[in-house]
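Colleague: Following this note's numbering, the numbering of the sequence shown begins with 1 at its first residue and continues without gaps. Glycine is no exception: its CB is placed at the ideal position from the N, C-alpha and C atoms. Got a structure for you, questions after.
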Amino acid sequence: MLKDASAAVYGVRAANGVVVVTTKRGKKGSRNTININAYTGWQNWSRFPETVNDSYEWMLGKAEAEVNQFGSTGITPEELEKYRIGEERGYQSFNWKDFIVKGNAPLTSINLSATGGSENINYYVSGTHLNQQAVFGDEFTFKRTNIQSNIDANITDRLKIGVQINGRVETRRNPGIPGYDDYWLPRFAILRNRPFERPYANDNPEYLNDIGHNETNWALHNFETGGYYEENWRQLQANFTAEYQIPGVKGLTAKGTYSYYIADRLQDGHEYTYEAFTYNPDTDEYNVTGGSTNPFRERATRKVFRNTYQGQLQWKRDFGDHSFGALFIAERQEFRYLGQYVHAVPSTNTLPLIYFSDMDQYDDSDSEEARIGYIGQFNYNFRDKYYLELSARRDASWKFAPDKRVGYFPSASVGWRITEEQFFKDLIGEESILDNFKFRGSYGVLGDDNVGIGAFDYLPGYNYNVNNGTPVILDGQAVIPARDKGQPISNISWFKSKILDIGADFYMFGSKLSGTVDYFYRKRTGLRGRKYDILIPNELGYGLPDENVNSDARYGVDGSLSYSDEVGEVSFSVTTSGSISRSKFLSSYKPRFDNSYQRYRASSEDRYNTIFWGYTTVGQFQSQEEIDNYPVDIDGRGNSTLLPGDLIYEDVNGDGRIDGYDETPIGYNNYNPLINFGLNIYVAYKGFDFTADFSGASGFSWNQSWEQRWAYQNNGALNKIFLDRWRRADPFDPNSEWIPGKYPALRFNDGGHSNYNKNSTFWLHNVTYLRARTIELGYSLPKTFLDKINVQKARFYVNGYNLFSIDNVAEYGIDPEISDDNGLQYPQNKFVNVGVNVSL
Numbered sequence: 001m002l003k004d005a006s007a008a009v010y011g012v013r014a015a016n017g018v019v020v021v022t023t024k025r026g027k028k029g030s031r032n033t034i035n036i037n038a039y040t041g042w043q044n045w046s047r048f049p050e051t052v053n054d055s056y057e058w059m060l061g062k063a064e065a066e067v068n069q070f071g072s073t074g075i076t077p078e079e080l081e082k083y084r085i086g087e088e089r090g091y092q093s094f095n096w097k098d099f100i101v102k103g104n105a106p107l108t109s110i111n112l113s114a115t116g117g118s119e120n121i122n123y124y125v126s127g128t129h130l131n132q133q134a135v136f137g138d139e140f141t142f143k144r145t146n147i148q149s150n151i152d153a154n155i156t157d158r159l160k161i162g163v164q165i166n167g168r169v170e171t172r173r174n175p176g177i178p179g180y181d182d183y184w185l186p187r188f189a190i191l192r193n194r195p196f197e198r199p200y201a202n203d204n205p206e207y208l209n210d211i212g213h214n215e216t217n218w219a220l221h222n223f224e225t226g227g228y229y230e231e232n233w234r235q236l237q238a239n240f241t242a243e244y245q246i247p248g249v250k251g252l253t254a255k256g257t258y259s260y261y262i263a264d265r266l267q268d269g270h271e272y273t274y275e276a277f278t279y280n281p282d283t284d285e286y287n288v289t290g291g292s293t294n295p296f297r298e299r300a301t302r303k304v305f306r307n308t309y310q311g312q313l314q315w316k317r318d319f320g321d322h323s324f325g326a327l328f329i330a331e332r333q334e335f336r337y338l339g340q341y342v343h344a345v346p347s348t349n350t351l352p353l354i355y356f357s358d359m360d361q362y363d364d365s366d367s368e369e370a371r372i373g374y375i376g377q378f379n380y381n382f383r384d385k386y387y388l389e390l391s392a393r394r395d396a397s398w399k400f401a402p403d404k405r406v407g408y409f410p411s412a413s414v415g416w417r418i419t420e421e422q423f424f425k426d427l428i429g430e431e432s433i434l435d436n437f438k439f440r441g442s443y444g445v446l447g448d449d450n451v452g453i454g455a456f457d458y459l460p461g462y463n464y465n466v467n468n469g470t471p472v473i474l475d476g477q478a479v480i481p482a483r484d485k486g487q488p489i490s491n492i493s494w495f496k497s498k499i500l501d502i503g504a505d506f507y508m509f510g511s512k513l514s515g516t517v518d519y520f521y522r523k524r525t526g527l528r529g530r531k532y533d534i535l536i537p538n539e540l541g542y543g544l545p546d547e548n549v550n551s552d553a554r555y556g557v558d559g560s561l562s563y564s565d566e567v568g569e570v571s572f573s574v575t576t577s578g579s580i581s582r583s584k585f586l587s588s589y590k591p592r593f594d595n596s597y598q599r600y601r602a603s604s605e606d607r608y609n610t611i612f613w614g615y616t617t618v619g620q621f622q623s624q625e626e627i628d629n630y631p632v633d634i635d636g637r638g639n640s641t642l643l644p645g646d647l648i649y650e651d652v653n654g655d656g657r658i659d660g661y662d663e664t665p666i667g668y669n670n671y672n673p674l675i676n677f678g679l680n681i682y683v684a685y686k687g688f689d690f691t692a693d694f695s696g697a698s699g700f701s702w703n704q705s706w707e708q709r710w711a712y713q714n715n716g717a718l719n720k721i722f723l724d725r726w727r728r729a730d731p732f733d734p735n736s737e738w739i740p741g742k743y744p745a746l747r748f749n750d751g752g753h754s755n756y757n758k759n760s761t762f763w764l765h766n767v768t769y770l771r772a773r774t775i776e777l778g779y780s781l782p783k784t785f786l787d788k789i790n791v792q793k794a795r796f797y798v799n800g801y802n803l804f805s806i807d808n809v810a811e812y813g814i815d816p817e818i819s820d821d822n823g824l825q826y827p828q829n830k831f832v833n834v835g836v837n838v839s840l
């Protein structure tokens with residue numbers, strides 16, 4: 001991974017760092033080997049919010065909520081008792097999560113590879129097939145087949161050629177889900193469906209139950225009833241290289257590379273009409289009371305073409321203690337994207353074809369991209385003691401106007417192995433435990449054309465077929481409308497990342513202990529923004545175009561420490577790593593504020609960009625008497641809506657009321673951790689090996705909201721966390737005593753209450769976690785035994801991924817690597833696999 005100025009040679013998309021991936025290749029003069037790696041496994045969700053699956057608890061909470069909110073409830077004690085007993089039809093309970101999430105979803109993978117080499121040619125060929133089901137059942141499937149081939153050949157003493165081909169075929173198929181929310185809707189259904197609702201009318205699987213919001217009735221979502229969705233990808237990339245050692249100039253090599261990439265995507269979907277039923281026990285009839293009469297049939301195709309041409313001259317030469325190197329690269333990239341989309345309203349569920357008479361939408365798209373770059377690099381080192389690297393890029397992007405198209409991006413890096421200096425050797429002595437110590441530093445400018453504008457936005461023009469293609473009537477004629485694009489964005493160009501990195505690497509105790517530490521500072525200038533101090537008449541219909549006017553920065557420290565050794569027959573290694581970083585806005589174009597408070601509250605200049613504003617909770621009311629005598633207006637209604645257990649907010653400015661002026665920074669405003677850390681452990685003893693990989697993070701916040709904050713949202717399920725709540729001993733007696741709990745007394749779907757409509761420290765959680773990424777135990781059969789059966793290697797293993805996490809959000813049922821306020825994101829899967837590696 002490269003994140004400093006050394007990433008500059010990797011192109012216009014390297015401003016945020018580069019991950020360099022090296023594919024496997026055959027080795028010169030190696031024997032022919034066939035490798036088999038196969039495993040099978042099972043997957044489950046790590047966590048997901050738990051909802052109340054007891055109809056009695058759901059109804060009891062609703063009764064409390066309505067009494068708390070309205071003073072009375074339509075639920076009677078007699079009716080509530082029927083839910084408690086749970087025997088009569090309509091009063092029973094149903095567990096929707098168990099119905100939707102099957103668990104132990106299988107996956108299998110097998111990889112076959114062959115590798116070998118002679119004096120003049122080496123090869124590596126590999127094929128992998130993966131078959132995976134989702135946790136929602138065997139109709140949710142994903143299949144992928146990969147192929148890879150790397151061949152290198154020496155044609156002459158000076159000419160070497162190579163061919164690298166990799167391809168991928170994958171298919172994803174599942175039942176048709178409204179809006180293609182195929183992996184979102186089942187999660188939403190768990191938080192939406194109520195426990196007294198059941199999937200089938202009268203529990204008869206022939207009749208889909210009408211639960212009012214039938215799109216979340218999971219019984220609908222199968223190939224027979226709901227339809228299907230299928231997505232197919234075909235991708236192929238081929239790289240052709242030729243390298244020639246130029247005679248007459250020692251160390252001079254020319255290399256040419258051509259890369260061709262093509263991807264083909266076919267999306268096919270059909271959502272059926274269906275009927276939902278209500279069962280009449282008096283007549284033993286199933287009556288149609290719902291369903292869908294709004295089917296769709298659609299097909300989309302997308303093709304991606306990419307051509308990359310690269311020419312390279314490289315020179316390397318040693319002159320005594322001096323080593324020199326120079327590199328020049330010219331590169332051109334061309335992209336083309338083609339797409340077609342057809343939508344139809346079919347007359348039946350059974351016909352798979354799309355007929356012209358059924359079509360109501362057709363879209364065609366065609367776009368192109370192109371970039372060209374020139375890179376120069378110079379390297380020098382003296383006795384592996386002093387290092388110098390200079391590089392420069394000149395890049396041009398199709399996105400920008402001709403006079404803004406080109407960017408120049410230089411960089412430089414230096415290194416100093418102080419342990420090679422005689423004065424340092426004299427200082428630390430011959431018996432020093434320090435083997436190697438290197439200082440290094442780099443500074444560079446990288447460019448990025450991802451500034452958020454579209455192709456040819458710098459040109460004036462018109463957008464055709466606006467208003468969704470609906471014609472307008474002009475002079476009695478139907479005309480497809482067009483509209484001008486607005487002001488051309490012609491003054492915007494590359495934004496630049498100026499990156500400083502200062503670091504050190506060391507090795508000690510015979511290289512058993514090693515480590516690295518870096519300080520980095522990245523300043524981005526020319527970020528997209530808009531000027532406002534030039535008046536534009538309202539009649540024009542648009543404002544000024546964006547320009548490169550804003551800037552931000554990110555800085556921090558990262559490092560790693562590793563120790564490896566052998567004790568008897570046990571070999572082991574332990575590696576730790578960590579980083580801490582922060583980002584801030586530096587400047588924006590002439591910010592303006594009406595007063596000092598507005599500047600304090602809304603300014604982003606020279607301020608961390610992860611600030612989360614909210615209210616500080618200083619407690620919860622313990623009695624109605626405390627509410628009646630409290631001097632601060634919490635709810636804006638003289639505290640008339642408050643009950644014991646409701647939240648008390650700090651009156652920051654002391655004006656006797658809680659409003660926006662009492663908000664202060666209380667946490668972090670995104671899910672990107674400020675602190676990351678990791679631990680890797682490896683132990684081997686005789687034929688056994690054990691690996692454990694842990695990673696964690698801290699310094700980010702989860703804002704508990706939506707279904708996790710207020711109960712019965714949209715008359716849906718009740719989160720189990722609200723079982724621990726303030727409540728009356730008798731929900732039907734408003735004068736009964738209050739029983740304390742963690743959460744305020746329930747209200748029914750009342751997100752506007754002061755408990756819930758204010759972000760506060762009560763709902764905000766600063767998250768810290770440590771996750772077991774990988775734990776693996778393997779055993780390799782003894783070589784003495786393998787030699788007898790002519791096998792090079794045979795290893796069996798069992799491993800697990802994401803098996804557990806130690807964190808402070810487990811009680812909410814959310815994954816600590818959270819990205820949704822309500823926990824509705826797709827959770828991390830836990831995997832358990834058993835497998836084998838064999839080399840023949």
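Can you tell me whether T308 is helix, strand or coil according to DSSP?
Modeller: Strand.
Colleague: Which of the three DSSP states, helix, strand or coil, is assigned to V135?
Modeller: Residue state, collapsed to three classes: coil.
Colleague: Under 7 Å Cβ to Cβ from Y712, same chain only, skipping five residues before and after it: list those, please.
Modeller: Closer than 7 Å at the Cβ level, and outside the excluded window around Y712, lie K62, A65, L718, F748, N749.
Colleague: Which residues share a DSSP beta bridge with P106?
Modeller: Beta-bridge pairing links P106 to W42.
Colleague: Identify every run of the alpha helix (DSSP H) within the stretch 209-280, keeping only runs that are complete inside it and at least 4 residues long; order them along the chain.
Modeller: Here no run is fully enclosed.
Colleague: Roughly how far, in whole angstroms, is the beta-carbon of V445 from the beta-carbon of P410, given that I think they are within contact range, below 8 Å?
Modeller: Yes, they are in contact, since the Cβ atoms of V445 and P410 sit about 6 Å apart, within 8 Å.
Colleague: Would you mind giving the Cβ-Cβ distance between R417 and D395, rounded to the nearest angstrom? I have them listed as a contact below 8 Å.
Modeller: Not confirmed; about 33 Å, so no contact.
Colleague: In this structure, how does DSSP classify D689 when only helix, strand and coil are distinguished?
Modeller: DSSP places D689 in strand when its eight states are reduced to three.
Colleague: Note down, in chain order, each residue of its chain lying with its Cβ closer than 6 Å to the Cβ of T171, except the 5 sequence neighbours on either side.
Modeller: Around T171: K143, N232.
Colleague: Based on Cα-Cα distance, which residue from N217, G167, S514, T525 lies nearest to S560?
Modeller: For the residues N217, G167, S514, T525, the minimum Cα distance to S560 belongs to S514.
Colleague: Return the first residue and the last residue of the alpha helix (DSSP H) that F424 is part of.
Modeller: 422-428 is the extent of the alpha helix (DSSP H) around F424.
Colleague: Go ahead and pull the three-state DSSP assignment for F748.
Modeller: If DSSP states are grouped into helix, strand and coil, F748 belongs with coil.
Colleague: Quick one: what's got a C-beta closer than 7 Å to Q43's C-beta in the same chain, skipping five residues either side?
Modeller: Contacts found: A105, L107, V135, N829, K830, F831.
Colleague: Output yes or no for whether 7 Å exceeds the beta carbon distance between I34 and L840.
Modeller: Yes, Cβ-Cβ distance for I34 and L840 is below 7 Å.
Colleague: What residues in its chain sit with their C-beta under 8 Å from that of P281, if we drop five residues either side in the sequence?
Modeller: Closer than 8 Å at the Cβ level, and outside the excluded window around P281, lie R89, N202.
Colleague: Can you say whether I843 is buried or exposed, counting buried as having 16 or more other CB atoms within 10 angstroms of its CB?
Modeller: Summary: the structure shown does not reach residue 843, with the chain confined to residues 1 through 840, and so no result is reported for it.
Colleague: At which residues does the alpha helix (DSSP H) containing Q333 begin and terminate?
Modeller: Unbroken run through Q333 is the beta strand (DSSP E), 322-344; no alpha helix (DSSP H).
Colleague: Measuring only the C-alpha atoms, how far is K399 from D546?
Modeller: Each residue's Cα considered, the two are about 14 Å apart.
Colleague: Kindly indicate which residue of G526, I428, Y464 has the alpha-carbon position closest to the one of D448.
Modeller: Comparing Cα positions, the closest option is G526.
Colleague: Quick one: what does DSSP say K590 is sitting in, helix, strand or coil?
Modeller: Note: K590 maps to coil in three-state DSSP.
Colleague: I want to know whether the stretch 568-582 touches the stretch 671-683 - three or more CB-CB distances under 8 Å.
Modeller: Yes, they touch.
Colleague: Using a threshold of 7 Å, state whether the C-beta atoms of A692 and I634 are closer than that.
Modeller: No, Cβ-Cβ distance for A692 and I634 is not below 7 Å.
Colleague: In three-state DSSP terms, what is D565?
Modeller: Reduced to three states, the DSSP call for D565 is strand.
Colleague: Once DSSP output is grouped into helix, strand and coil, what is the label at A63?
Modeller: DSSP places A63 in helix when its eight states are reduced to three.
Colleague: I'd like the list of long-range same chain contacts for Q40, defined as Cβ closer than 6 Å, with 5 residues on each side in sequence excluded.
Modeller: In the sequence under discussion, the amino acid at residue 40 is Thr, which differs from the Gln named in the question. These residues qualify, in order along the chain: T108.
Colleague: Contact defined as beta carbons within less than 8 Å: I believe E605 pairs with S588. What is the distance between those atoms, to the nearest angstrom?
Modeller: Rounded, the Cβ-Cβ distance is 6 Å, consistent with contact.
Colleague: Please confirm if the stretch 342-350 is in contact with the stretch 317-329, defined as three or more CB-CB distances below 8 Å between the two stretches.
Modeller: At 8 Å Cβ cutoff, the stretches do not touch.
Colleague: Taking the straight line between their C-alpha atoms, what separation do you get for R530 and K438?
Modeller: Roughly 45 Å separates the two Cα atoms.
Colleague: Could you spell out where the beta strand (DSSP E) holding L185 opens and where it closes?
Modeller: Premise fails: L185 lies in the alpha helix (DSSP H), 185-192, not in any beta strand (DSSP E).
Colleague: So, for Y380: in the same chain, excluding its five sequence neighbours on each side, which residues have a beta-carbon less than 6 Å away from its beta-carbon?
Modeller: The residues are F324, L388.
Colleague: Kindly confirm or deny that the stretch 209-222 and the stretch 271-291 touch, where touching means at least three C-beta pairs closer than 8 Å.
Modeller: Yes: at least three Cβ pairs fall under 8 Å.
Colleague: Classify A189 as buried or exposed, calling it buried when 16 or more other Cβ atoms lie within 10 Å of its own Cβ.
Modeller: It counts as buried.
Colleague: For Y779, list the residues DSSP reports as bridge partners.
Modeller: Paired residues: F688, F796.
Colleague: Whether or not the stretch 251-261 and the stretch 307-324 are in contact is what I'm after, with contact meaning three or more pairs of Cβ atoms, one per stretch, closer than 8 Å; do they touch?
Modeller: Contact holds: three or more Cβ-Cβ distances are below 8 Å.
Colleague: Give the DSSP bridge partners of R417, in chain order.
Modeller: R417 pairs with K438.
Colleague: When DSSP labels each residue in this structure, what does S357 get in the three-state scheme?
Modeller: Of the three classes helix, strand and coil, the one that applies to S357 here is helix, per DSSP.
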